[in-house]
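Chains A, B and C supply the protein sequences, listed in that same order.
Position 272 of the first sequence, counted from 1, bears residue number 271 in numbering that gives the first Met the number 0, the numbering being contiguous throughout.
Position 43 of the second sequence, counted from 1, bears residue number 42 in numbering that gives the first Met the number 0, the numbering being contiguous throughout.
Position 178 of the third sequence, counted from 1, bears residue number 177 in numbering that gives the first Met the number 0, the numbering being contiguous throughout.
Yeah, the Cβ is synthetic: ideal placement off N, Cα and C, and Gly gets one too.
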Amino acid sequence: MEATTAAPTTATKQVQPRDKRRVLRFMWKYKALYLLSLPGILYFLIFKYIPLMGSVIAFQNYNLFAGFSGSPWVGLEHFTRMFSHYDFLNILKNTLLLGIYDIAFAFTAPIILALLLNEVRLALYKKVVQTVIYAPHFLSWVIVSGIFIGVLSPSSGIANTMLGWLGMGPIYFLGEDSYIRSVLVGSGLWRDVGWGTIIYLAALASINPDLYEAAEMDGAGRWRQMLNITLPALLPVITILFLLKMGDFLDYGFERVFVFQNPLNIRNSEILDTYIYKAGLTQMQYSYATAIGLFKSVVGLFLLAIANTLSKKATGESLY
Amino acid sequence: MVRRESLSRKLFIIFNYTFLTLLSLTMFLPFLNVIAQSLSSAGAIDRGEVMFWPVEITTQYYKYVFEDVSIWRAFGISVYITVLGTAINLAATATLAYPLSRQEYVGRRLVLMVILLTMIFSAPLIPQFILMREIGLVNTLWALMIPTAISAFNLFVLRSFFAQLPTELIDSSRIDGCGELRTLWSIVLPLSKPALATVGIFYSVTNWNKYMDALYYINDRAKYPLQVKLRELLITDDLSDTGNLAFEITSQSVQGVQMAVILVATIPIIMIYPFLQRFFIKGMLIGSIKS
Amino acid sequence: MPKQAMRMLMLTLILAIAAGCAGNNQPGTDTGSAEGGETPQAQGATKFSISMRTLNVGYVEKHPDINKDPYVLALEEKTNTDLDIRLIPHNEYQDKMVQMFATNDIPDVVQGSGGISGPELAGAVENGVFLPLNDLLEEHGKDLLAFIPDEAWARMTDSKTGNIYGIPEILSNPSRRATWIRTDLLEKVGKEIPTTVEETLDVLRAFKEAGVEQPYAGRQNFKYADTFFGAYDVLGYLNQFKLFPDGQVKPSFFDVDNMKAAIGVYKTMHDEGLISREFATIESTDFRSIITSGKAGMWSMNANELPIWGAQLMENVPDARVALIPSPVGPDGGGGYAHYNPVTRSFFINKKAEDRAAEIVQFFNWMVSDEAELLFSYGLEGEDYTVASGEPVFEVPTDTAGTDKMRYLNYWLWLVQDTTYNKMVSSLTETGQQMIDAFDNMLAHEGRKGIEFDPRLDALIRYPDLNPKSDELPPLILEHVLRMVYGREEIDNYEAVLDEYLSKGGNEIIEEATTRYNNKENAFE
């Protein structure tokens, strides 16, 4: 990579031919590219789009044995059912809040951590730390929740012991509405922040060290170097990861919340994914579950489209 | 080069090392606890005596895991799926990411949008079952490698890395008469080692952890990958409620077995990262570009 | 060239879609795995495939090929059959079953869990996948009809048509859970075995004074910690609907006075430290550790676990002694835990196997014979047991391999039996006899039952927050009850909770329940 920031993907190097014949001839010139991409496109069409059409069951009362053609159509019934559920707004609020916290904390933390790791000189230490911090990602949520429930226990957990040193009484963190979101975000951070650094470390590895040398010659300190070199170099990666996250905005995750839920904290911890599980999948309500899933996806798509356009205008980076 | 380090720099370094060490400890200590439990007697675990060091050391849990000889075959299958599967993943993803990263690909915006949609909208399970049946991959190991050949997320990541490569290199390769495939192979890939390593890790972990796919699509128990066999050893609560209590679990696996199973399931794949870390060293690209 | 490629692509797509839509599951079409389905009946053994859940039985899961197991071969020999056993993973049983039905990959015999409307069957019975068995049973299953009680048959019958769709494995004693107590601690505090709720609280207080960490072992959502709801008969679970004096069929937690009393008991225990203050986050693994490490004085658990949990407890705490006692009784003199379903596993015959249905029913009929009992209790003559003066002589194995095999034979391979306990094996050991004694003489006289609807009430499915589990209160009620126990809501507000329940769909639930009960539409008591 040279000294300039990444060439925006939308800027054209050559003038794109305008009239149709020119276009076709242009495409023919690069036919190898199209051929190369064909298997991949076919893959998506066959293995993703065809099953995706099965989403029509969201508009039916799907019967496994009658299939798509034999199941009765009910239009938007499942959607009205979802919206009119008395707790829908609360569930949506919980989901949105967690999505926002996710972006505020879980998205930014790996970047910061990667930058900190980048400043480490001792190679062996860096290697060890990298391996250790990415290891929790491999633990299942059941185990992670076991660890956190233990740590946060009012009677035997470290957290409350430390609170005791500060003179504060033991808090039953998981037995209260008010702490559960923090627990969810915190456990998510513990588990995944190290994993999240991988991609940023890869991006950092691609930066030309000469840039830093030149900057030092010019008298720029580390902080300034980071602002002018490192961050702009990371911008493309950060952008696409952010945009991809927009698409999954309402997908906080089922298991990671389910393992921490109990009736004492459920008011603040019930999200769309856990609701789908309880209302849909355990009761053979495939259509209803699919409908809720569609709703999540549509919202994600909407957010992504907006974010993509804004990003294109602001930084020139975009997903498409 | 300026050598003098300012005070603020020194403070920062101290803070950095301290912070990273503490952070690593918070993640390492629970693991240490898991390892300790996997080697401690059931009584010691129940009494809560096990912290970071095994109490009343025993290898019974590991013996229990490995006494079923078929676990080694399952291990082999998992290695096979991870290696071959990841190779397929990388090949498929790279050959799609590369064209889509080129300005010359007219309509790439459309293709990218199409792929993006498959990421945002996920198909319900039952149509997936039906598709797999129709395609005829059921009960083969291909069922674990082909349907998940390309992850849209990884595709976008790899494409983004490819798009940042200097176009002069690719142009000159074309001028030299290389076809696109050759360009991809000789120029683009060698320059993308960090990206490939990253995406490779992502795919490897997914392949190693494959569980539900194997359960759904493989009926021959001899073809089960490691995760399925290990999960069978773990008798834990059934999250679903079928309405009939007769099948409830009252005798869960002892904690020690659970811990041993976790370690056997995860240590092999955790070890991948240290081996790939050489691709994450700074300035990887530069030597190659200069030459 | 690109255009041609596009056309090919469209064609492929269209074909694939058409195949996907058309190939759906009309029972009776194409694939499926009927072995030797259409060929004329051979004189040899009857071949059929059967799907069976592994039930976490180690012997089965670790077996290289269950179809070549000597006991399976012996079974085939004795019944003149050739089985093709298809194992279904235990934990993902429901998911795998749904996939099986969705792809029309249905074996000749399907094992279900309980009645005809379980979620694992995905509506197969209603959609005509299985054969009605009434006539076949009359002709070829007389022993089955005699052995299996009416209430179990009722669970396998569609009340609208009167068709029996499956053969049930039964549970004659529906009380499976018992109240356990540490008799060594009782002795230490000088108390008698408590019988009423008040006496029990006194004992718990004495335990607490003596330093017992958790006098009563609490657990998340009151699961396995519902002793006192049982005492007051307000369990409120799926099978605990009651006919109230006003003629309506409502969940038992509508009994306001008793419910308030029960909640009050738990609140007292919470406030006085007789139950862990963190019981809302204690789940199964910790629950077990707490008990087996000796920290609990009294708890609830399945009676048949006595040998296993008892042994582990005594390993950790050598002086500990544990006994099963009659559960504390409430104001009506009754107590105990929710009754279990009278049907454990059930076996359905695929319509495609109609040609062999008679032989299949005969196969199941053999399962309730004495010869079967001997095979599945002890094993093979000469190998597992010997015969002396006409009687089998058997020694109960104590090694892991032996116990695994026993579990496999007694519990898994024996397809139709009374699963309360295995008489032939349990009567041979002291702990076994204690267990038989507990089941026959104590548990048979306690336990709470109510009205159960199978298939589940539609209204319950529509309102998941009001949908109880088999052993947990509905989420809405549970939430308020827990808050009351933890002192965050007033118990006196309980009537308001019931009002909330009614307004959020409870009215429909009660209406549907009452109607179905009056019409005897698959309503079981």
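Local conformation of residue i per DSSP, three classes
i         : result
Ile248(B) : coil
Trp413(C) : coil
Ser292(C) : coil
Arg176(C) : strand
Thr53(C)  : coil
Leu241(C) : In the sequence as displayed, the identity of residue 241(C) is Lys instead of Leu. Correct three-state label for Lys241(C): strand.
Phe294(B) : Nothing about residue 294(B) can be read from this structure; chain B reaches only from 0 to 290.
Leu12(C)  : Because the pLDDT at Leu12(C) is just 48, under 50, the model does not fix this residue reliably, and the point stays unresolved.
Lys46(C)  : strand
Lys519(C) : coil
Lys249(C) : strand
Phe160(B) : helix
Ala393(C) : With the sequence shown as reference, residue 393(C) is identified as Phe, and Ala is not the correct amino acid for it. Here Phe393(C) sits in coil by DSSP.
Ser191(B) : coil
Residues near residue i in its chain [Cβ-Cβ closer than 6 Å; skip 5 each side]
i         : result
Arg176(C) : Ser299, Asn301 and Tyr336
Phe78(A)  : Ala290
Glu520(C) : Ser158
Beta-carbon gap between residue i and residue j smaller than 7 Å
i         : j         : result
Val119(A) : Lys125(A) : yes
Ile281(C) : Arg218(C) : yes
Leu258(B) : Val68(B)  : The displayed chain sequence assigns Met, not Leu, to residue 258(B). It is not a contact, given that the beta carbons lie outside the stated cut-off.
Ala216(C) : Ala153(C) : no
Trp194(A) : His136(A) : yes
Phe228(C) : Gly449(C) : no
Ile166(C) : Phe346(C) : yes
Leu275(B) : Ala196(B) : yes
Gly333(C) : Tyr231(C) : no
Beta-carbon contacts of residue i that lie in its chain and below 7 Å, excluding the five residues immediately before and after
i         : result
Asp457(C) : Glu511
Phe470(C) : A quick correction: the sequence has Asp, not Phe, at residue 470(C). Closer than 7 Å at the Cβ level, and outside the excluded window around Asp470(C), lie Lys222, Tyr236 and Ala337.
Ser310(A) : Thr238, Leu242, Glu316 and Ser317
Thr297(B) : One cannot answer for residue 297(B) here, as it falls past the ends of chain B, which runs 0 to 290.
Below-7 Å beta-carbon distance, residue i vs any chain C residue
i         : result
Phe74(B)  : no
Lys19(A)  : no
Asn261(A) : yes
Leu162(A) : no
Leu173(A) : yes
Ile148(A) : yes
Own chain, CB closer than 8 Å to residue i, minus 5 neighbours either side, in chain order
i         : result
Ala214(A) : Arg223, Gln224, Asn227 and Ile228
Ser112(C) : Arg52, Tyr92, Glu119, Thr343, Arg344 and Ser345
Ala151(B) : Ile114, Leu115, Thr117 and Met118
Chain B within 7 Å of residue i, Cβ atoms only
i         : result
Asn162(C) : no
Ala319(A) : Correcting the residue identity first, residue 319(A) is Tyr in this sequence and not Ala. Yes, Tyr319(A) lies at the interface with chain B (some Cβ there is under 7 Å from its Cβ).
Asn315(C) : yes
Lys61(C)  : yes
Thr284(C) : yes
Gln247(C) : no
Minimum Cβ-Cβ distance from residue i to chain A less than 7 Å
i         : result
Ala279(C) : yes
Ile34(B)  : no
Phe363(C) : no
Pro214(C) : no
Distance cut-off 6 Å: residue i Cβ against heavy atoms of the ligand MN
i         : result
Ser159(B) : No copy of the ligand MN appears in this structure; indeed no ligand is present at all.
Listed by chain order, chain D residues near residue i by CB distance under 9 Å
i         : result
Asn340(C) : The displayed structure is made up of protein chains A, B and C, and chain D is not among them.
*Three or more C-beta pairs below 8 Å linking the region 224 to 236 of chain B and the region 244 to 258 of chain A*: no
*Would you call the region 153 to 163 of chain B and the region 87 to 98 of chain A in contact, with 3 or more CB pairs under 8 Å?*
no
*Do three or more CB pairs link the region 204 to 211 of chain B to the region 72 to 90 of chain C at distances below 8 Å?*
no
*Indicate whether the contact test is met: 3 or more Cβ pairs, each with one atom in the region 261 to 278 of chain A and one in the region 56 to 72 of chain A, closer than 8 Å.*
no
*Okay, do the region 170 to 179 of chain B and the region 126 to 145 of chain B touch, 3+ Cβ pairs below 8 Å being the bar?*
no
*Given 8 Å, three or more beta-carbon pairs between the region 185 to 193 of chain B and the region 262 to 270 of chain A*: no
*Touching or not, the region 140 to 148 of chain C and the region 372 to 391 of chain C, by the rule of three or more beta carbon pairs under 8 Å?*
no
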